[in-house]
Every structure is written in C-alpha cells, then in structure tokens.
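Notes follow once the structure below has been shown.
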Amino acid sequence: MKRRTLPAATALAATAALLLTACGGGGDNNKGNDKIAGANAGSGKSASPSASASSATDRPKITFPSDAKNVFEDQKTGDATKDAVLADSAMSVSSMDDAIFKGSTDTKALGFYNADKGLNAAITFVQGYINKNYTWIGETRYFDRKVTLSGDSQAYVTYCSDESKSFLKNKKTKKVDNTPTSADSYVLYHTSLAKNSRGVWQTTNIVSNRGDKACQP
Amino acid sequence: MPAIRNLTRTALVVLLACSSVLVSQAAYAGSRGGAGTAGKTEEHGDASDDGTLSSTVGGVVFDRSNNGTGNAAGPVTSTTSWTPPACWYAPKYSPAGLKSYLEPIWQAESTGSEWDLQQRNKYEDGGKDPGTYKDFNKEKTGKGYWWDSYVNESFPPGWDKCTKPFFWVDKGDPPPADIENAVTPKVLGELAYNEIRVPGTKVTLAPAGTTKVNLPTWAWLDGAAFKPVSVTASVPVLGISATTTAEPVSLKIEPGTPDAQVYPSSGVCEIKNGKIGEPYAKGKAHQTPPCGVKYLRSSGDGTYPLKATITWKIHWTGTGGTGDDLPDGTFGATQNVTVQEIQAVNR
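In order, the protein sequence lines correspond to chains A and B. Each residue of the first sequence is one higher than the one before, counting from 1 in this note's numbering. Each residue of the second sequence is one higher than the one before, counting from 1001 in this note's numbering.
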C-alpha cells in the first residue's frame, strides 16, 4: 500500500501531537521528528532493540511513520540474555503497531515476534484497529519493564504502557480522538516468551489490564 | 469540514498551552483504549467495544459480598504447598463466537498457511475424525460451549500454563477429565479460595497500647470482626457454582522478642465456644490469661513488633451436594507494643 502525501488535517494533527510531546518533555532536547522515530527509538540512553538482540540475521524491518513513536525504557539489565528478551519483547509490541500502521495482519514481523496465543492475541488486537479504521499517532512509552528467565528458552516480561501522549486517529476521516488522560491511559501487560530455533524470543502469551493500579503515575 | 476546524482549534490551543507553562496538559492528553488492548482479559467485563466481549460467553463470576472488608483485609496463604489454580478453562465462545474469533486469525498471513489449514481442518472442515468439528459445531449452538483458558489476574507462577486448544463441552457434561483445571464445582471452590479476603488481624490487648514488664497481657479477637467469610464462584451459562467459606480457628502470637512468654505456652490460642481468647475483665488481674503474652524486658524507647496470625479453616460446597475441605489458610499482621518497666505495682 502506498502512502499518500499527508493532507492538511493529518499534518495539523501530527503537529499537535509533536507539540504535545514537546510540551510534556519539558527541557529534554529529544527533537522527535528529525530522525524516523520508530520501533527502534529508545529513550536516547541506549542502543536500539534490534542492535542488542540475538543474531538472527533475517529480521523483518519495522519502520514507523514519522508521527508515531514507541519509547522503551529499561533496556539494559547487565545480563545479555535478559537484554535480548527485553529487546524482542519490544519488537513484539512494535510489530503490532507496524501492522496497525500498515492496516494489515499479513506482515512478516507479526509472525516473527509472536507465536501461539501471543500471535492470536496480536492479530485480534490489530484487527480491532483495522475494523474500526483506526491508527494512532504520538508517543507510547513502555516503562517498568521487568524480565524473569525460566530455564534457557522461556522468559516472562511484565511492563506498563503510558498512552497519555498517544492518540487514536481515524484513517478515513483523519479525525484524532482527544481522549482525556485517565487511569485507562495506563496498561499493565504480562507476557510469556519462548526462544525459537532461530534464536528469536517470541511472545507466546499476552494478558493485559487497562487502568491497572500498578502502572499509574 | 468540522474535523479540520476542530483540529485547527486543537493545534491552536496546544500552541497556547505551550506558551503558558502553567496550563495543565492533562486536558489534551490521550489514551488508545477505544480501539482495544492487546491481550485484554475477557473475564474482566470492561465495557470495551473491540468486539471481544460480545462474542464471548464469559467464564467464572465471583460473588465477593461476604468477604472481609476494610483496608487491612487480605488474602489467606495456604498452609500447605497447594495453591489455587493460576489459570483455568471455562466456557468462552458460542460456535458463532469462535468462528468470528478464529477466522480473522486464519486469514492473517502472519500465522503461516500450514497452521491455518490444520486449524481449519480441526474446527471448520472436520467432523468425522474425533477431536475435529464441522463449522465450529454450529449444529450444537445453544447445546454447549467452546472452552478456553482464563488467567488469575494476580499472575502467580503458572498463569501461562493453560495452553490446551479450544475444546467443546456439551451442556450438562463434565469437562474432559484429562484437562487440569477445567471448571467443575471443585475447581470453582478452589478459585473462590483465591478470592477470599479476611479481616486484618488486629488483636485486642489488655492493657491496650502500653503494657508492663512481667504483667500478663490478655489477648483476644473481637468476635464481631472475626466471623466466617465466603466467596461464591459460578459459571452462569453452565448453572454450576461453589461457595468457599473460611472460619477463624486459632490465633498465633509471636511477641517480637525472645524476652517474652506466651499463653498458652504453645503460642497458639484455639477457638473455644466460638471465641478466640478471652476479653479481660476487672478482677482477672491475678489469673493467667487463656491467651496472651508476658514481656520480660522493657521495650525501652521503642516497641516490640507483635505478630498475630490467624488460621482459617476453609472448605467448599458446590452444585449437586459436592464439597470438601481445602488447606487451611493464614493471614497475619504486626502491631507495635510498648513495654515499660514497672514503676509501681498498683492492682
């Protein structure tokens, strides 16, 4: 699918979102839009997830549109395996967003980073966006990311998301939903991951609780 | 176009907000909940409009109205290695519901065509071989459900172990015996165990707050607060339920210092005539308390952390006259006790 030139409304919406980001960021000089702020964008303090991930060479490329960005905190634990798990967990999240942006559940990345119940949940989630003509803009921050290893090839990652700076946008009408920030802007996720034969930590199960106490600011 | 106008206004407002540092940004902030959440727990019953709820028949429902209340209330810990199920299976989909859940997944190329075909053969194009179905068992609509896994939302170890594929159970039939934690009255009783909340363990002491060295201090539980509590778990679409009840049976006192003596000497006060411990009354000062503590040393400027743990006896009763005991559970709390040197003995 070819991306059309941004119409005025989109541009305005994007501007609004970027301004919001700038506002919220206070003094940080994270100039959001001068690099492609996509799946690989960390919070500026460490390497991109794919760089630290295990050595599978044919990883599908994920590129975000310039008006949307994921920020993953807690990338370095001091343990290489845990860091690889966290990196692939971040890629699972970004693979769902990638599919949302592409408006398709047929992407390579979805099946690459998710499997079993995790893949079912990912497809159902993305399909929910597609069915309602939704995409999103702004910044989604993932924080309190914690990893537990269970043997050599199983791991658990829990994390919170902060959607207070991200917005649903209708792809047809270009209207951006201005939902006020509430407890529901924060979501707790529990995921299990399994290392596959290619060395990729696939998310095999994901359960979430929107508005969970544990993730409130 | 109103949408553009609104956006223009939004952008302007945002510009204004930026120029004035004092303006809160909360009013312009966001959330993406309206489009659903990855891995949303269907059991939750949130008014989410992503379609998941409408297609599900909703597993286990808990009635917690007879639980212990208050900020200090909490869950019991099993006294054995047994723990309530971390995940379980219960009805989730009607035939049409499973179809609307699975078809978009099979259509997605990300799942791989081999798996898609295998799945189709099992749920859609089967029917002849055991364990395969025709049209998601459409013919049996209303006569049973597709069961799937649910997760204990406190995510104990093992929450992700219910990985069996969807399976069909006719209404009135028990679930397959080889599937662990497929809901039955017994499993419901175990799930209700997990939802039990007992009152905080505040022991009444006499003298209250500050006691004296070598003075037998009486301890007892407020009978009104420590009554049995219960939780009922049910599966409405199956018409089965179980009620799990916890009753206090004993109180264990740990004085918080080795320089103390407890009554009785075992440190465990059993329930007697429905009461644990005996309220102190005037004239009993020279008696040995049936339940209590005697500190042998002053706490100085500090306090001793007295730990009081109540053991609750727990059992379930369920549909069809079923029922059994479950492992005892404990819940404790610490309270600070000040112990002073005796200045004068006036009794």
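Where a beta carbon is used, it is the ideal one built from N, C-alpha and C, also for glycine.
Opposite residue 1197/B in the DSSP bridges: which residues?
-> 1075/B
Does the beta carbon of residue 1179/B come closer than 7 Å to any beta carbon on chain A?
-> At least 7 Å separates the CB of residue 1179/B from every CB of chain A.
Under 8 Å by beta carbon: chain A residues contacting residue 1155/B | 158, 190 and 207
Verify whether the separation of the beta carbon atoms of residue 1179/B and residue 1161/B is less than 7 Å.
-> no
Does the distance from the C-beta atom of residue 210/A to that of residue 187/A stay below 7 Å?
-> yes
What's the gap between the Cα of residue 1333/B and the Cα of residue 1192/B?
-> Residue 1192/B has its alpha-carbon roughly 23 Å from the corresponding atom of residue 1333/B.
Do residue 193/A and residue 85/A come within 7 Å of each other at the CB atom, strictly closer than that value?
-> yes
Per-residue DSSP class, three states only, for residue 176/A | strand
Just checking, does the segment 1137-1149 of chain B make contact with the segment 136-152 of chain A on the three C-beta pairs under 8 Å criterion?
-> no
If you check the beta carbons only, do residue 1190/B and residue 1085/B fall under 7 Å apart?
-> yes
Once you ignore the five residues that flank residue 1256/B on each side, which residues in its own chain have a CB closer than 6 Å to its CB?
-> 1304, 1305 and 1306
Cα-Cα separation between residue 944/B and residue 1078/B, rounded to whole angstroms = Nothing in the structure corresponds to residue 944/B, since chain B is present only between 1001 and 1347.
Using a cut-off of 8 Å between C-beta atoms, extract the partners of residue 1120/B located in chain A.
-> Near residue 1120/B there are no residues of chain A at all, since even the closest Cβ is about 15 Å away, more than 8 Å.
Own chain residues within Cβ distance below 6 Å of residue 191/A, not counting five before or after = Hits under 6 Å: 157, 203 and 206.
Hey, would you say residue 72/A sits closer than 7 Å to residue 90/A, going by beta carbons?
-> yes
What in chain B is Cβ-close to residue 184/A, meaning under 8 Å?
-> 1031 and 1033
Which chain B residues sit within Cβ distance under 7 Å of residue 121/A?
-> 1038 and 1039
Report the partner residues of residue 1308/B according to the DSSP bridge assignment.
-> 1253/B and 1333/B
Looking only at DSSP bridge pairs, what is residue 1091/B linked to?
-> 1147/B
Listed from N- to C-terminal order along the chain, which residues in the segment 1061-1080 of chain B have their beta-carbon within a distance smaller than 7 Å of any beta-carbon of chain A?
-> Of all residues in the segment 1061-1080 of chain B, none places a beta-carbon less than 7 Å from a beta-carbon of chain A.
Helix, strand or coil: which one does DSSP assign to residue 1270/B?
-> strand
Who are residue 162/A's beta bridge partners in DSSP?
-> 141/A and 186/A
Would you mind sorting residue 163/A into buried or exposed? The rule is 16 or more other CB atoms within 10 Å of its CB.
-> buried
Identify the contact partners of residue 168/A in chain B, using a Cβ-Cβ distance below 9 Å as the criterion.
-> 1030, 1031, 1032, 1033, 1034 and 1035
Report the residue from 214/A, 133/A and 124/A whose alpha carbon sits nearest the alpha carbon of residue 185/A.
-> Out of 214/A, 133/A and 124/A, 214/A has the C-alpha closest to the C-alpha of residue 185/A.
Is the Cβ of residue 1100/B closer than 7 Å to any Cβ of chain A?
-> With a threshold of 7 Å between beta carbons, residue 1100/B makes no contact with chain A.
Excluding five sequence neighbours on each side, which residues of the same chain lie with their C-beta closer than 8 Å to the C-beta of residue 1214/B?
-> 1294, 1295, 1296 and 1342
Under a Cβ-count criterion, where at least 16 other Cβ atoms within 10 Å of its own Cβ denotes burial, should residue 1059/B be classed as buried or exposed?
-> Per the 10 Å Cβ criterion, buried.
For the candidate residues 66/A, 115/A and 87/A, whose alpha-carbon lies nearest to that of residue 76/A?
-> Proximity to residue 76/A across 66/A, 115/A and 87/A peaks at 87/A, based on C-alpha coordinates.
Neighbour flag for residue 1108/B against chain A, beta carbons, 7 Å | Output row for residue 1108/B: interface = yes.
Label residue 1117/B either buried or exposed according to how many other C-beta atoms from any shown protein chain fall within 10 Å of its C-beta, with 16 as the threshold for buried.
-> exposed
When you compare each of 1195/B, 1216/B, 1098/B and 1251/B to residue 1316/B by their alpha carbons, which one comes out closest?
-> Considering only alpha carbons, the answer is 1195/B.
Leaving aside the five residues before and after residue 1272/B along the sequence, list all residues of the same chain whose C-beta is less than 8 Å from its C-beta, in chain order.
-> 1290
Residue 129/A touches chain B at which residues, Cβ-Cβ below 7 Å?
-> 1035
Same chain, Cβ closer than 8 Å to residue 101/A, neighbours up to 5 away in sequence not counted | 64, 65, 68 and 135
For residue 1227/B, count neighbouring Cβ atoms within 10 angstroms of its own Cβ and tell me buried if that reaches 16, exposed if not.
-> Exposed, because fewer than 16 other Cβ atoms sit within 10 Å of the Cβ of residue 1227/B.
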